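Everything on this sheet refers to the single structure shown next.
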Amino acid sequence: MTVHEHTVTETEHKKRVDKILSDLLQDHSRSQIQSWIEEAYVKVNGEPVKANQKCLADEKITWEIPETKPLILEPENIPLDIVYEDSDLLVVNKPKGMVVHPSAGHQTGTLVHALLYHCNDLSGINGVERPGIVHRIDMDTSGLLVVAKNDFSHQHLSEQLQEKTLKRTYEAIVHGEIGHETGLIDAPIGRDPKDRQKMGIVENGKSAVTHFRVLEHFPEYTHVECQLGTGRTHQIRVHMQYIGFPIAGDPKYGRRKTLDVHGQALHAKQLAFIHPRTEEWMTFEAAPPAVFTEVLDQIRKKY
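What the sequence shown shows, in my numbering, is residues 106 to 408, in sequence order.
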């Protein structure tokens with residue numbers, strides 16, 4: 106393993122070692138860095154440390170990034186709502202509350218575990234932890250995503266994502282009444298420097314574009330449709346909060362007093378792409394889950 110080194114600067118004087126490293130290594134979470142510290146992959150002046158140790162200016166922090174241990178995934182008989190399937194791909198309507206692929210804290214019960222039970226011919230491009238996964242949606246966001254069964258399809262679909270020809274349209278309920286019918290949000294998204302568990306609008310973030318149009322106006326809420334111009338982590342959730350209309354029910358970016366929809370009222374309702382093999386333009390739609398439509402009906406009746 107490669108040993109990396111950093112000299113503590115004056116501005117980092119008396120900062121925690123885990124905080125310094127999480128600021129330096131933005132592709133790794135703070136909890137991941139803390140686990141490295143616990144396993145002695147991180148040292149200050151050649152000595153193992155604790156995560157809360159404060160560093161002094163000019164001290165040397167060295168660290169190694171341990172190799173990821175491959176997961177051994179067991180197929181799980183979890184029912185799937187498959188909208189479309191052929192020998193190259195399948196389109197799944199993911200339920201609210203299901204995690205797409207295994208991660209810390211979610212080692213079972215994911216969409217990947219269900220896919221492994223359903224079929225044994227998933228693309229290997231994203232490795233053992235994410236077989237067939239071309240793109241993802243958040244745990245508490247419901248809706249459509251496409252899964253590749255072979256590397257040819259995976260590569261083709263990934264290129265469509267990069268070239269923005271794979272279209273993803275969402276439906277959401279947001280707090281506040283938007284006063285116009287359409288809008289475009291163009292604001293860069295990156296890791297929130299104040300909270301590493303969140304994303305935010307940051308100057309050096311990655312370009313992020315969201316288009317939206319109003320479906321229904323209400324005095325306290327707006328029913329909107331959002332289309333992704335890019336696909337950043339938590340993009341719609343961060344962008345709608347940024348313009349002052351956070352998604353109802355969102356525990357991370359929303360308001361404390363909100364609608365009871367078991368997580369954000371956000372649904373990936375439409376997916377459109379060119380079929381990798383036939384080159385046919387394909388469009389799929391899925392209605393929002395019952396909790397979404399029931400809350401929306403309650404809002405309609407109230408106003």
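The beta-carbon is built from N, C-alpha and C at its ideal position, and this holds for glycine as well.
Please read all numbers here as calculations on a predicted model, not as lab measurements.
Could you compute how far the alpha carbon of residue i sits from the alpha carbon of residue j?
{"i": "methionine 345", "j": "proline 153", "result": "43 Å"}
{"i": "proline 324", "j": "threonine 315", "result": "24 Å"}
{"i": "glutamine 158", "j": "glutamine 375", "result": "49 Å"}
{"i": "histidine 372", "j": "threonine 246", "result": "6 Å"}
{"i": "glutamate 234", "j": "leucine 320", "result": "38 Å"}
{"i": "threonine 270", "j": "arginine 382", "result": "16 Å"}
{"i": "glutamine 139", "j": "asparagine 150", "result": "18 Å"}
{"i": "valine 197", "j": "leucine 185", "result": "7 Å"}
{"i": "histidine 285", "j": "proline 351", "result": "16 Å"}
{"i": "glutamate 47", "j": "proline 207", "result": "Shown here, the chain extends from 106 to 408; a query on residue 47 therefore has no answer."}
{"i": "lysine 124", "j": "glycine 305", "result": "18 Å"}
{"i": "glutamate 409", "j": "lysine 165", "result": "This structure leaves residue 409 out entirely; the chain is present only between 106 and 408."}
{"i": "serine 263", "j": "isoleucine 348", "result": "30 Å"}
{"i": "glycine 214", "j": "leucine 161", "result": "44 Å"}
{"i": "glutamate 181", "j": "methionine 203", "result": "13 Å"}
{"i": "glutamate 190", "j": "glycine 248", "result": "16 Å"}
{"i": "lysine 201", "j": "glutamate 110", "result": "42 Å"}
Helix, strand or coil: how does DSSP classify residue i here?
{"i": "glutamate 268", "result": "helix"}
{"i": "tyrosine 326", "result": "strand"}
{"i": "arginine 296", "result": "strand"}
{"i": "methionine 387", "result": "strand"}
{"i": "leucine 262", "result": "helix"}
{"i": "glutamine 158", "result": "coil"}
{"i": "glutamine 212", "result": "coil"}
{"i": "arginine 342", "result": "helix"}
{"i": "glutamate 276", "result": "strand"}
{"i": "glutamate 152", "result": "strand"}
{"i": "threonine 315", "result": "strand"}
{"i": "glutamate 117", "result": "helix"}
Identify, in the order they occur along the chain, each residue of the same chain with its Cβ nearer than 6 Å to the Cβ of residue i, setting aside the five sequence neighbours on each side.
{"i": "threonine 388", "result": "Ala377"}
{"i": "histidine 380", "result": "Met387"}
{"i": "aspartate 355", "result": "Arg342, Gln369"}
{"i": "glutamine 332", "result": "Thr274, His316"}
{"i": "asparagine 231", "result": "Ile238"}
If you follow the alpha helix (DSSP H) that residue i is in, where does it begin and where does it stop?
{"i": "phenylalanine 397", "result": "395–407"}
{"i": "tyrosine 189", "result": "Here tyrosine 189 belongs to no alpha helix (DSSP H); instead the beta strand (DSSP E) covers 187–190."}
{"i": "leucine 220", "result": "216–223"}
{"i": "serine 140", "result": "135–143"}
With a threshold of 7 Å on Cβ separation, who are the neighbours of residue i within its own chain once the five nearest residues in sequence on each side are excluded?
{"i": "leucine 401", "result": "Ile278, His328"}
{"i": "aspartate 291", "result": "Val314"}
{"i": "glycine 336", "result": "His240, Leu266"}
{"i": "tyrosine 146", "result": "Trp168, Glu169, Pro171"}
{"i": "glycine 334", "result": "Lys269, Val314, Thr315, His316"}
{"i": "leucine 130", "result": "Ile138"}
{"i": "serine 312", "result": "Pro293, Thr335"}
If I follow the unbroken beta strand (DSSP E) through residue i, where does it start and stop?
{"i": "serine 127", "result": "Serine 127 -> not in any beta strand (DSSP E); alpha helix (DSSP H) instead, spanning 122–129."}
{"i": "methionine 304", "result": "304–306"}
{"i": "histidine 109", "result": "108–112"}
{"i": "aspartate 291", "result": "287–291"}
{"i": "glutamate 169", "result": "165–169"}
{"i": "valine 252", "result": "247–253"}
{"i": "valine 197", "result": "194–199"}
Less than 8 Å between CB atoms is the rule here; does residue i satisfy it with respect to chain C?
{"i": "lysine 407", "result": "Within the model displayed, chain C is absent; a lone protein chain is all it includes."}
Spatial neighbours of residue i within its chain, please: C-beta separation below 8 Å, excluding the five flanking residues on both sides.
{"i": "aspartate 163", "result": "Thr112, Val113"}
>> Going residue by residue through the stretch 344–381, where are the continuous beta strand (DSSP E) segments of at least 3 residues, counting only ones entirely within it?
In response: 371–379
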